[in-house]
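Participant: Shown below is the structure under consideration.
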Amino acid sequence: MKRKIKPAILPFFLHLVAASFLASVIVVLFSQWWLFDLFTHFRIQYVLFGFLLLPVVLWLKKYVVASIVATAVLFHSVAVWPYLQSNQAIAGDVAAPHLTIMFANIYYRAPDLTKIEAVIDRHNPDTIILAELKKSDFETLQDQVSDSYPVSHFEEGYGAYDLSFFSKTEPTSFQVIQFTEDNPS
Numbered sequence: 061m062k063r064k065i066k067p068a069i070l071p072f073f074l075h076l077v078a079a080s081f082l083a084s085v086i087v088v089l090f091s092q093w094w095l096f097d098l099f100t101h102f103r104i105q106y107v108l109f110g111f112l113l114l115p116v117v118l119w120l121k122k123y124v125v126a127s128i129v130a131t132a133v134l135f136h137s138v139a140v141w142p143y144l145q146s147n148q149a150i151a152g153d154v155a156a157p158h159l160t161i162m163f164a165n166i167y168y169r170a171p172d173l174t175k176i177e178a179v180i181d182r183h184n185p186d187t188i189i190l191a192e193l194k195k196s197d198f199e200t201l202q203d204q205v206s207d208s209y210p211v212s213h214f215e216e217g218y219g220a221y222d223l224s225f226f227s228k229t230e231p232t233s234f235q236v237i238q239f240t241e242d243n244p245s
């Protein structure tokens, strides 16, 4: 009587199937806790691993295990599908003029504006946004750069967080939303 020899690799694959199924259950049941939420970041890997594992399990004639793997693959494929199909236009397909923006935090107690003026002259950006620039310094800088930057706006901020805006062209719309105690979002 011949004994049927089980492949030595069978227990290994059965453990892999159990681990992938456990990962799927963890994703579904515990996605609200940050540690288990990390498992949701590997859904594409679960799908790929399942597709590689499924033929092996079918070859070993473990149909119950194969159905578990197929269920996990289907579950994660449905979750990943919306991310695989991009509905957004590629930014490079749309022709638009190049825009250079300079942003700097001047700090509220900046001693003088000569270095800032030198950087503006050297780089010649299309738009300049300066944070923590005092109103008096804004007016001084506005006088200095008004020929190159005819559009300017000063927004008083919460505490020392004022914003200054200089532009060569008029924006179609302009809105400043600042974080404050009254507006935390």
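Here the sequence shown stands for residues 61 to 245, numbered as in this note's numbering. For glycine and all other residues, C-beta sits at the position ideal for the given N, C-alpha and C. Here the structure is a predicted model, which means the values were calculated and not measured.
Nearest by alpha-carbon distance to Pro210: which of His183, Ser224, Lys228 and Lys194 is it?
Facilitator: If we check each option's Cα against that of Pro210, Lys228 comes out closest.
Participant: What does His35 pair with, by DSSP beta-bridge criteria?
Facilitator: A question about residue 35 goes unanswered here, because the residues of the chain that appear run from 61 up to 245.
Participant: Report the option in Leu76, Val138 and Ala130 whose CA atom is closest to the CA atom of Thr100.
Facilitator: Residue Val138 is the option with its Cα nearest to Thr100.
Participant: For Phe109, name the three-state secondary structure that DSSP assigns.
Facilitator: In the structure shown, Phe109 sits in a helix (DSSP, three-state: H, G or I).
Participant: Going by beta-carbon coordinates alone, are Leu114 and Val124 separated by less than 7 angstroms?
Facilitator: No, these two residues do not count as a Cβ contact at 7 angstroms.
Participant: What is the C-beta distance between Asp186 and Leu159, in whole angstroms, given that I count them as a contact (C-beta under 8 angstroms)?
Facilitator: Confirmed, about 5 angstroms.
Participant: Among Val116, Ser233 and Ala170, which has the Cα closest to the Cα of Val77?
Facilitator: Here the closest residue by C-alpha is Val116.
Participant: With DSSP run on the structure shown, which of helix, strand or coil describes Ile237?
Facilitator: It is coil, neither helix nor strand.
Participant: For Glu230, does the count of other Cβ atoms within 10 angstroms reach 16, so buried, or fall short, so exposed?
Facilitator: Under this definition Glu230 is an exposed residue.
Participant: Under the assumption that Tyr168 contacts Ala220 (Cβ atoms under 8 angstroms), give the Cβ distance between them as a whole number of angstroms.
Facilitator: Indeed, because the Cβ distance is near 4 angstroms, the residues count as touching under 8 angstroms.
Participant: What are the start and end residues of the beta strand (DSSP E) that includes Ile189?
Facilitator: Taken as a continuous stretch (DSSP letters only), the beta strand (DSSP E) holding Ile189 covers Thr187 to Ala191.
Participant: Note the first and the last residue of the continuous beta strand (DSSP E) segment covering Ile161.
Facilitator: Element bounds for Ile161: Ile161 to Asn165.
Participant: How many angstroms separate the CA atom of Ile237 from the CA atom of Asp197?
Facilitator: Distance between the alpha carbons of Ile237 and Asp197: 22 angstroms.
Participant: Which residue wins for smallest C-alpha separation from His136, given the options Tyr106, Lys121 and Ala164?
Facilitator: Cα-wise, what sits closest to His136 is Tyr106.
Participant: Determine the burial state of Leu201: buried for a count of at least 16 other Cβ atoms within 10 Å of its Cβ, exposed for fewer.
Facilitator: Its Cβ being crowded by 16 or more others within 10 Å, Leu201 is buried.
Participant: Which first and last residues belong to the alpha helix (DSSP H) in which Asp197 is found?
Facilitator: Unbroken alpha helix (DSSP H) run through Asp197: Lys195 to Val205.
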